[in-house]
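A.B. asks: Handing you a structure now.
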DNA sequence: ATGGCTTGAGTGTCAAGA
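Numbering (the working numbering), first residue to last: 467 to 721.
As structure tokens, this is what we get:
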């Protein structure tokens, strides 16, 4: 079973890229972030024609998350239960016995800002809910745009980013709390190339110069991580015309 | 040099991303 995550930065603009990537990469489940559309504008039919079931939790202009899956999407849930939030950032469902949790974690803008406080509060709420969700579903995968580079090796220039947004210690602490729940960063289960990133700024030819961050992640519960045989970042879609600024991350699980 | 692109909204030019 292949599971993947991709921040597409507008489903409307990126739909052709998503369809092409589904055909090439053949994921069994794909989590999408930043769809930037309401549910009624989401391209359900064309994705179903491509062989995927679809659930979406969207809003106008900002945020928005979806899960596409070849098999049935069972027991779908939206948002963080008990956490008052107008922003559409979470959707979850069970696919082939795996609880797939798709998240678009807030960016935080700047350390010390209101949005940063919201990010930390949001992360705490997610962690609390995940603790329960993992008891309900021991075979759980958390996928998405975390907007956190967990370690210095996930940053092109750790000195320049020291203490900055996406790299600050409170954010990295929050990431470690996911691991303390019993989850493993699938990407780090395997040897990886130096300077592996999942996001590159649109400006300054950042992709060509590999000036990036690894902020998109797949975390696996203990019961799943032992079945993980590969995890990679696919840079091919980032090389296309009008790409998303993020690349997809894909993990393979044996049954 | 706090910019540099891209998107959505909306038709001016700005917020937001990371």
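We treat Cβ as the ideally placed atom computed from N, Cα and C, and that holds for glycine.
1) Which value, in whole angstroms, describes the spacing of the CA atoms of residue 468 and residue 490?
2) Which value, in whole angstroms, describes the spacing of the CA atoms of residue 699 and residue 499?
3) Please list, in chain order, all residues of the same chain as residue 501 whose beta carbon is under 6 angstroms from its beta carbon, the five residues on each side excluded.
4) Can you look up residue 678 in the DSSP assignment and give me helix, strand or coil?
5) Between 674, 720, 688, which lies nearest to residue 704 when the distance is taken from Cα to Cα?
6) I'd like to check one pair, residue 516 with residue 542: are the Cβ atoms closer than 7 angstroms?
7) Is the beta carbon of residue 577 less than 7 angstroms from the beta carbon of residue 631?
8) Residue 669 to residue 685, Cα distance in whole Å?
9) Once the 5 residues before and after residue 588 are set aside, which same chain residues still bring their CB inside 6 angstroms of it?
10) Let me confirm a value: residue 574 is counted as buried when at least 16 other C-beta atoms fall within 10 Å, else exposed. Which label applies?
C.D. replies: If we stick to the structure as given:
1) Sequence index remark: in the first chain, residue 468 carries index 2 (1-based). Sequence index remark: in the first chain, residue 490 carries index 24 (1-based). Cα to Cα, residue 468 sits roughly 12 angstroms from residue 490.
2) Position 233 of the first chain holds residue 699. Position 33 of the first chain holds residue 499. Going by the C-alpha atoms only, they are around 16 angstroms apart.
3) As a working mapping, residue 501 is identified with position 35 in the first chain. Correct list, in chain order: 477, 524, 530, 532.
4) As a first step, residue 678 must be located in the first chain, where it is residue number 212. It is a strand residue.
5) Position 238 of the first chain holds residue 704. Considering only alpha carbons, the answer is 674.
6) Residue 542 sits at position 76 when you count from the first residue of the first chain. Residue 516 sits at position 50 when you count from the first residue of the first chain. In this structure, residue 516 does not lie closer than 7 angstroms to residue 542 by Cβ.
7) Position 111 of the first chain holds residue 577. Position 165 of the first chain holds residue 631. Yes. Within cutoff.
8) Indexing the first chain from 1 puts residue 669 at position 203. Indexing the first chain from 1 puts residue 685 at position 219. If I take the Cα positions, the gap works out to 29 angstroms.
9) Translated into the one-based positions of the first chain, residue 588 becomes position 122. So the qualifying residues of the chain are 572.
10) Locating residue 574 in the first chain gives position 108, counting from the first residue. Its Cβ being crowded by 16 or more others within 10 Å, residue 574 is buried.
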